[in-house]
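Chains as they are written, first to last, in our numbering: chain A, 87 to 203; chain B, 40 to 153.
Glycine included, each C-beta is placed from N, C-alpha and C at the ideal position.
As the structure is a prediction and not an experimental result, all values here were calculated from the model.
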């Protein structure tokens with residue numbers, strides 16, 4: 087079974103600075119998807135960024151980028167120019183690429199990000 | 040991405056009762072899912088709601104406790120039956136995007152069982 091580990095329960099960053107959230111995962115599959123979701127106090131789960139394992143290029147979405155290291159099974163999220171609105175719980179998630187009934191997302195325990203003004 | 044709504048947004052219930060949560064999507068989707076997020080915890084998949092057939096439940100979740108309906112491609116319900124305080128959680132529905140890659144989530148239903 088796949089597992090996702092987020093080793094940082096809490097992180098803090100100063101507004102306008104950069105922060106990196108860590109995520110590692112364990113799988114025997116070669117093709118899969120990785121996601122970062124954010125959950126602000128409103129509890130809405132919002133997709134931040136997605137990475138396909140077969141793509142070597144790291145995904146980017148505006149101020150958000152990932153460092154995907156497939157051999158190391160590592161998938162960190164970098165937030166540049168942090169804003170107060172980035173404060174949230176961030177979840178790393180894994181999904182097998184194979185279809186059928188296996189669309190299940192496996193989540194890490196989350197990292198609570200605080201942004202200090 | 041699809042626009043997903045859930046009703047109710049929150050509820051306080053007495054133990055032994057049941058609550059039905061609705062999930063409505065603004066477009067037809069093939070796959071819908073129900074997740075549970077216990078206080079301070081991550082999300083755990085309860086089941087996949089299949090249109091026209093029974094839901095597929097994950098280990099540790101059973102139909103008698105969490106019956107699910109999926110009458111069409113835009114709507115699903117999750118019932119939490121015979122509730123106990125341990126059922127106090129946020130319940131979220133999600134849908135699989137057309138590209139079959141990404142899941143988008145509804146706003147969640149916060150349930151407190153006394």
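Have a look at the DSSP bridge pairing and note the partners of residue i.
{"i": "residue 88 of chain B", "result": "B/71"}
{"i": "residue 175 of chain A", "result": "A/125 and A/198"}
{"i": "residue 120 of chain A", "result": "A/137 and A/180"}
{"i": "residue 52 of chain B", "result": "B/152"}
{"i": "residue 58 of chain B", "result": "B/119"}
{"i": "residue 147 of chain A", "result": "A/150"}
Go to residue i, then tell me how far its beta strand (DSSP E) extends in each direction, as first and last residue.
{"i": "residue 165 of chain A", "result": "160-165"}
{"i": "residue 45 of chain B", "result": "43-46"}
{"i": "residue 144 of chain B", "result": "142-144"}
{"i": "residue 137 of chain A", "result": "132-138"}
{"i": "residue 135 of chain B", "result": "128-135"}
{"i": "residue 107 of chain B", "result": "107-111"}
{"i": "residue 107 of chain A", "result": "105-107"}
{"i": "residue 100 of chain A", "result": "96-100"}
{"i": "residue 155 of chain A", "result": "150-155"}
{"i": "residue 112 of chain A", "result": "110-112"}
So what's residue i in DSSP terms, helix, strand or just coil?
{"i": "residue 97 of chain B", "result": "coil"}
{"i": "residue 124 of chain B", "result": "helix"}
{"i": "residue 82 of chain B", "result": "strand"}
{"i": "residue 191 of chain A", "result": "coil"}
For the stretch 40-49 of chain B against the stretch 93-106 of chain B, are there 3 or more C-beta pairs whose distance is under 8 Å?
no
I'd like to know if the stretch 159-167 of chain A and the stretch 132-150 of chain A are in contact, where contact means that at least 3 CB-CB pairs between them fall below 8 Å.
yes
Whether or not the stretch 49-58 of chain B and the stretch 141-161 of chain A are in contact is what I'm after, with contact meaning three or more pairs of Cβ atoms, one per stretch, closer than 8 Å; do they touch?
no
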